[in-house]
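Peer 1: Shown below is the structure under consideration.
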Amino acid sequence: MPHNARKEQQVKYPFEFDGRWVLRYHVPYDVQHDGRSHSIVATIFREPSVHGRIQVSQEGRPLAEYDELTPGSVVEITGDTWRVTEVEYRTHVVLERVTDSNEEATGAQAGE
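Per numbering that gives the first Met the number 0: the sequence shown ends with 111, consecutive numbering throughout.
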């Protein structure tokens, strides 16, 4: 593929693979959305039980924070819905993209 063609095909989540996104502990992920730069950072805690926190900032300003994340939790990042599938202490939080088909399979509905 020519270099110019690759540059024009900007992927929103270049670290997403097969609908899954592994957020490494304390590694900032940069995402471009609506012409603005967003940074996403995951933190994982051990107490009182293993759970994650995802912080979303826009151009350096806090935008959203999701705490107490465990498998099954749902988060919205830059307009897309993700479900937490795994939280590993001090390692990573795994997100799976929520689509209409897997919302129906789990019984989740918009607004929950």
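From the three backbone atoms N, C-alpha and C, an ideal C-beta is built for every residue, glycine too.
Residues bridged to Thr80 by DSSP?
Peer 2: Residue numbering aside, residue 80 sits at position 81 when the sequence shown is read from its first letter. DSSP, once it has assigned bridges, lists Glu75 as partnering Thr80.
Peer 1: What are the uninterrupted segments assigned as beta strand (DSSP E) that are 3 or more residues long and contained completely in the stretch 37-62, given in chain order?
Peer 2: 50-57
Peer 1: Whose C-beta lies closer than 8 Å to the C-beta of Asp70 among residues of the same chain, with five residues either side of it excluded?
Peer 2: In the sequence shown, the residue the question calls residue 70 occupies position 71. Per the sequence presented here, residue 70 reads as Pro, with Asp not at that position. So the qualifying residues of the chain are Val83, Thr84, Glu85, Val86.
Peer 1: Just the Cα atoms here: how many angstroms apart are Ala63 and Arg45?
Peer 2: Start at 1 with the first residue of the sequence shown, and residue 63 comes out as number 64. Start at 1 with the first residue of the sequence shown, and residue 45 comes out as number 46. Rounded to the nearest angstrom, the two C-alpha atoms are 22 Å apart.
Peer 1: For Asn32, which residues from the same chain have a beta carbon less than 6 Å from its beta carbon, with the 5 sequence-adjacent residues on both sides left out?
Peer 2: Position 33 of the sequence shown, counting from 1, holds the residue named residue 32. In the sequence as presented, Asn is not what sits at residue 32; that position holds His. Closer than 6 Å at Cβ, skipping near neighbours: Thr77.
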